[in-house]
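Protein sequences, first through last, are from chains A and B.
Heads up: the first sequence is residues 0 to 321, going by numbering that gives the first Met the number 0.
Heads up: the second sequence is residues 0 to 321, going by numbering that gives the first Met the number 0.
Idealized CB from N, CA, C, for every residue including glycine.
What you are looking at is a predicted structure, and each value in this text was computed from that prediction instead of being measured.
Protein chains: 2
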Amino acid sequence: MITAPPTDDVHLPALTEILLTVQDEILAALEALEPTARFRADDWQRDPVDLDDPPAELAGQAILQGGGRTRVLEGGDVFERAGVNFSSVWGRFSPGFAESMPVGDGDRFAAAGLSLVIHPRNPHAPTVHLNYRRMVRGSAGWFGGGADLTPYVLYEDDARHFHGVLAAVCGRHGDVADYAAMKAECDRYFRNRHRDEARGVGGIFFDWMRGDDAAGDAAAFDFVADAARSFLPAYLPIVCDRRHLPYGEAERDWQLHRRGRYVEFNLIHDRGTVFGLRTGGRTESILMSLPPEVRWSYAHAPVDGSPEAALLDVLRTPRDWV
Amino acid sequence: MITAPPTDDVHLPALTEILLTVQDEILAALEALEPTARFRADDWQRDPVDLDDPPAELAGQAILQGGGRTRVLEGGDVFERAGVNFSSVWGRFSPGFAESMPVGDGDRFAAAGLSLVIHPRNPHAPTVHLNYRRMVRGSAGWFGGGADLTPYVLYEDDARHFHGVLAAVCGRHGDVADYAAMKAECDRYFRNRHRDEARGVGGIFFDWMRGDDAAGDAAAFDFVADAARSFLPAYLPIVCDRRHLPYGEAERDWQLHRRGRYVEFNLIHDRGTVFGLRTGGRTESILMSLPPEVRWSYAHAPVDGSPEAALLDVLRTPRDWV
Chain A
0 MITAPPTDDV HLPALTEILL TVQDEILAAL EALEPTARFR ADDWQRDPVD
50 LDDPPAELAG QAILQGGGRT RVLEGGDVFE RAGVNFSSVW GRFSPGFAES
100 MPVGDGDRFA AAGLSLVIHP RNPHAPTVHL NYRRMVRGSA GWFGGGADLT
150 PYVLYEDDAR HFHGVLAAVC GRHGDVADYA AMKAECDRYF RNRHRDEARG
200 VGGIFFDWMR GDDAAGDAAA FDFVADAARS FLPAYLPIVC DRRHLPYGEA
250 ERDWQLHRRG RYVEFNLIHD RGTVFGLRTG GRTESILMSL PPEVRWSYAH
300 APVDGSPEAA LLDVLRTPRD WV
Chain B
0 MITAPPTDDV HLPALTEILL TVQDEILAAL EALEPTARFR ADDWQRDPVD
50 LDDPPAELAG QAILQGGGRT RVLEGGDVFE RAGVNFSSVW GRFSPGFAES
100 MPVGDGDRFA AAGLSLVIHP RNPHAPTVHL NYRRMVRGSA GWFGGGADLT
150 PYVLYEDDAR HFHGVLAAVC GRHGDVADYA AMKAECDRYF RNRHRDEARG
200 VGGIFFDWMR GDDAAGDAAA FDFVADAARS FLPAYLPIVC DRRHLPYGEA
250 ERDWQLHRRG RYVEFNLIHD RGTVFGLRTG GRTESILMSL PPEVRWSYAH
300 APVDGSPEAA LLDVLRTPRD WV
């Protein structure tokens with residue numbers, strides 16, 4: 000059961016409704032590709048705490064309230080691991096964290112978001128990540144999120160299709176969404192700086208999005224809702240096409256090593272993961288982003304001139320796809 | 000080639016000599032257990048930079064000089080991955096980092112250390128980690144390090160043996176080394192706080208160790224040298240015993256999932272790893288600590304009353320082994 004957060008923000012409940020619908024649509028679409036594997040439902044809810052008079056042991060700490068709908072599919076024919084989570088939470092930031100935020104006032108917050116990571120089994124099919132959320136702090140509210148693609152074999156058509164759908168969404172909301180800026184921000188953010196390479200071929204990424212007035216906020220809301228709904232058209236055709244391609248142990252081994260880079264990004268650099276784990280977020284829901292099976296080898300690198308080397312070139316120097 | 004750092008600290012060159020010898024002994028002992036697999040040598044050296052007049056693009060950044068002897072064995076019969084690295088480095092801390100250090104003065108440093116992580120293939124044989132180092136900042140120098148054991152199947156005899164050897168080393172240097180305190184510090188440090196469990200059954204861990212005078216520093220040096228030499232007697236008998244035990248897919252699967260917890264600790268919580276990667280350390284040498292093959296599953300947990308559950312009990316509530 001999703002409990003509404005204690006805030007009079009108008010966009011939180013409206014976005015909650017849309018994201019829950021989108022979650023259901025995504026679950027149904029992914030399951031339709033699976034002969035037998037099904038999503039496991041894990042609904043969770045934090046024990047209520049009086050935020051105005053919390054127990055002494057929570058002094059100085061962040062307090063998280065609310066709950067979520069965690070949905071996970073593992074061991075499928077097409078999807079080796081897929082997590083599609085909605086959560087609606089609120090509470091109190093820790094004092095230090097609240098002060099570091101550039102927007103809003105006070106230490107109370109509320110947030111609703113949809114978050115997914117899909118790891119297909121076939122190395123020809125790319126991993127994909129999506130997150131769309133609204134955050135409210137005191138009197139200010141804003142949107143954030145994005146979607147990005149991580150291929151193991153570079154199919155330029157796939158990158159162009161995925162970016163094309165996102166660019167079209169941004170184009171429909173040109174007053175609030177600048178595709179080129181959000182694409183650049185995605186390349187900047189999803190980068191394994193310790194390896195000087197991007198996590199994947201990118202997509203869009205944005206944060207702190209809000210309008211100058213109620214109409215501007217409503218336009219931002221419309222963009223985020225549209226972007227969330229565009230996930231299936233952006234990703235599904237790619238995985239439908241690629242899941243049947245034959246592959247051998249060499250492609251699988253490359254995929255498992257590249258998944259190691261995915262783990263490195265999420266655990267070392269991703270602000271959401273690191274912040275969530277350090278401040279008492281729900282570990283299993285946060286770490287559902289990790290791939291099911293991963294390899295590391297010393298100084299693992301592709302052969303010059305190979306398709307794997309071509310992928311790395313693109314990861315080192317992000318390209319324009321639209 | 001190991002170049003001596005530009006410092007007149009007397010313990011750095013002496014510890015370098017000892018740690019290089021210990022490294023060779025460990026390499027030879029591990030190889031002796033392997034029918035055919037051998038360590039691969041990768042010596043590395045940073046391009047020299049004038050620390051008093053560094054290039055403009057390094058303004059405000061940490062600068063690392065020196066080099067190391069990286070040694071890695073992969074795909075062995077006994078050791079699925081083993082990294083045994085010595086490094087001797089020096090340079091300039093970034094301004095913010097230097098100010099955060101409680102000991103020494105200025106932004107120049109020098110350090111020498113031996114670092115190893117061994118991941119055996121057989122789930123009955125534990126992973127082990129060791130690091131001993133000397134760090135010099137300005138006019139102050141100190142020692143740090145330790146060794147700890149991460150079993151996948153709990154053999155209490157193994158934990159008692161490993162801790163017993165470390166306690167005996169500390170006992171021989173009672174003026175500088177307090178086993179009980181270092182054991183407690185190890186339990187505190189190597190903890191996956193986001194899962195409320197220790198990484199393994201611990202060992203010893205210490206930092207900022209220095210004497211009140213030259214004699215005290217010499218005593219600390221003797222302890223560290225002795226501790227480094229005690230690695231083989233502490234670990235080798237365990238892996239010798241356990242490597243032949245039969246196991247099946249269930250034990251392997253458990254091991255791969257527990258290795259996931261090892262990755263989580265190293266990438267999320269380990270100060271050395273995170274600091275190293277963020278400040279331009281050598282990625283491949285730092286990430287050699289990661290296991291070769293790893294699994295994650297949603298809400299992975301052992302059956303009540305199983306040997307795996309018994310291990311988790313010990314990880315949640317560390318025990319005394321001596």
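B:D186 and B:N265 have their C-alpha atoms spaced approximately 15 Å apart. Put simply, the backbone Cα of A:T2 is about 23 Å away from that of A:T272.
In this structure, B:T282 and A:H193 form a Cβ contact; the two beta carbons are roughly 5 Å apart against a cut-off of 8 Å. Taking all protein chains shown into account, B:C239 has fewer than 16 neighbouring C-beta atoms within 10 Å of its C-beta and is therefore exposed.
Contact between A:A36 and A:G74 is confirmed by a C-beta separation of about 6 Å, below the 8 Å threshold.
Think of a sphere of 8 Å around the beta carbon of A:L266: the chain B residues whose beta carbon falls inside it are V262, E263, L266, I267, in chain order. Around the Cβ of A:G247, a 10 Å sphere holds fewer than 16 other Cβ atoms; the residue is exposed. Using a Cβ-Cβ distance cut-off of 8 Å, the segment 78–86 of chain A and the segment 51–58 of chain A are not in contact, since fewer than three pairs of beta carbons, one from each stretch, lie closer than that value.
Between the alpha carbons of A:L14 and B:L129 lies a distance of about 50 Å. In the same chain as B:Q254, and ignoring 5 residues on each side of it, the C-beta atoms closer than 8 Å to its own belong to P122, Y151, in chain order. In the DSSP annotation of this structure, the continuous segment of the beta strand (DSSP E) that includes B:G112 starts and ends at 107–119. In the DSSP assignment, B:L50 falls outside any beta strand (DSSP E), carrying neither H nor E. For B:V71, the secondary structure class from DSSP, reduced to helix, strand or coil, is strand.
For A:R294, the chain B residues whose C-beta falls within less than 8 Å of its own C-beta are P291, E292, V293, listed in chain order.
DSSP places B:F274 in the uninterrupted alpha helix (DSSP H) bounded by 270–277. Of the residues assessed, A:V21 falls on the buried side of the cut-off, its CB having 16 or more other CB atoms within 10 angstroms. Residue environment: B:V102 is assigned as exposed (fewer than 16 neighbouring CB atoms within 10 Å of its CB, all protein chains considered).
Nearest in C-alpha terms to B:V200, of all of B:E155, B:G105, B:R258, is B:E155. When secondary structure is reduced to three states using DSSP, A:S99 falls in the helix class. For the pair of segments examined, the segment 282–293 of chain A was found not to touch the segment 134–154 of chain A: the number of CB pairs separated by less than 8 Å stays below three. The C-beta distance from B:I203 to B:A158 rounds to 13 Å, too long to meet the 8 Å contact threshold. Among the CB atoms of chain B, one or more fall inside 8 Å of the CB of A:Y297. Spanning the alpha carbons of B:D206 and B:T6 requires a straight line of approximately 21 Å.
Counting C-beta atoms within 10 angstroms of its own C-beta, B:Q64 has 16 or more neighbours from the protein chains shown and is therefore classed as buried. Chain B has no Cβ within less than 8 Å of the Cβ of A:L19. The C-beta of B:H128 comes no closer than 8 Å to any C-beta of chain A. Residue contact check for B:E283 against chain A: a CB pair falls below 8 Å. Within 10 angstroms of the beta-carbon of B:T316 lie fewer than 16 other beta-carbons, which makes it exposed. The segment 286–297 of chain B makes no contact with the segment 205–220 of chain B: fewer than 3 CB pairs, one atom from each, lie closer than 8 Å. Only exposed fits B:P34, as fewer than 16 other CB atoms lie within 10 angstroms of its CB.
Every unbroken stretch of the beta strand (DSSP E) spanning 3 or more residues and falling wholly within the segment 150–217 of chain A is given here in chain order: 201–208. One finds nothing in chain B with a Cβ atom closer than 7 Å to the Cβ of A:L311; even the nearest lies about 14 Å away.
For B:L165, the closest alpha carbon among the candidates B:R198, B:A226, B:A109 is that of B:A226. For the segment 52–77 of chain B, the set of residues with a beta-carbon nearer than 7 Å to any beta-carbon of chain A comprises V71, E73, in chain order.
Ranked by Cα distance from B:L57, the first of B:A40, B:E263, B:G66, B:F92 is B:F92. In the three-state DSSP reduction, A:Q22 falls in the helix class (H, G or I).
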